[in-house]
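Numbering (this note's numbering), first residue to last: 8 to 180.
Just so it is clear, CB atoms sit at the ideal spot from N, CA and C, and this is done for glycine as well.
Source: prediction; values computed, not measured.
Dropping the structure here:
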């Protein structure tokens with residue numbers, strides 16, 4: 008069973024050639040709120056990250072894959088992090104970089120592929136995602152992919168001078 012290739016997208020490992028794309032995403036302040044980042048990353052640090060991206064998920068507790076449309080063009084990234092093999096769970100994150108590529112099914116299929124990978128190859132029992140309550144597009148994405156609202160974390164994130172709620176979504180295999 009193929010778990011990393013769908014009809015619209017496939018997921019692949021990071022390559023050295025992804026440095027510019029990674030630099031663009033990690034330094035785009037639009038994405039900082041959803042990635043819990045508040046500082047830019049240097050090319051040097053990101054190059055080191057790419058050089059170590061081959062390490063086993065059981066060692067570094069995370070995995071980042073590139074979302075590519077079937078012809079091979081990179082669309083974004085999808086991550087497994089907070090990997091907990093003892094409790095058989097992990098957190099997921101996703102970004103489709105270009106707004107023009109959003110709401111076309113790419114993110115949903117990438118998320119479904121990653122979940123299938125997690126359940127089939129990593130033997131996970133559940134995956135989860137934390138989504139800001141005001142992030143309507145992400146809430147719809149996770150709900151369409153079969154995730155359910157498990158909790159609302161009140162006043163969880165302090166953003167631009169005010170507290171925002173965060174929703175925890177879960178998908179249990």
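Endpoints, alpha helix (DSSP H) assigned at residue i
i, result
"residue 150", "143-151"
"residue 78", "Taken as a continuous stretch (DSSP letters only), residue 78 belongs to no alpha helix (DSSP H), as it is neither H nor E."
"residue 216", "Nothing about residue 216 can be reported from this structure: the residues present for the chain run from 8 to 180 only."
"residue 61", "It is not in any alpha helix (DSSP H) - residue 61 carries neither H nor E in the DSSP assignment."
Selected residue, minimal CA-CA separation from residue i, among the options
i, options, result
"residue 141", "160, 128 and 124", "160"
"residue 72", "139, 122, 173 and 174", "122"
"residue 109", "15, 11, 10 and 157", "15"
"residue 85", "164, 19, 158 and 167", "19"
"residue 12", "134, 31 and 116", "116"
"residue 31", "147, 102 and 164", "102"
"residue 151", "167, 177 and 10", "177"
"residue 69", "120, 153, 75 and 56", "56"
"residue 99", "148, 25 and 63", "148"
Simplified DSSP assignment, three categories, for residue i
i, result
"residue 162", "strand"
"residue 12", "strand"
Cβ-Cβ separation, residue j to residue i (assumed contact under 8 Å), whole Å
i, j, result
"residue 97", "residue 131", "6 Å"
Residue range of the beta strand (DSSP E) that includes residue i
i, result
"residue 106", "Looking at the DSSP string, residue 106 is not in any beta strand (DSSP E), and its letter there is neither H nor E."
"residue 172", "169-179"
Beta-carbon proximity check, residue i vs residue j, cutoff 8 Å
i, j, result
"residue 164", "residue 156", "no"
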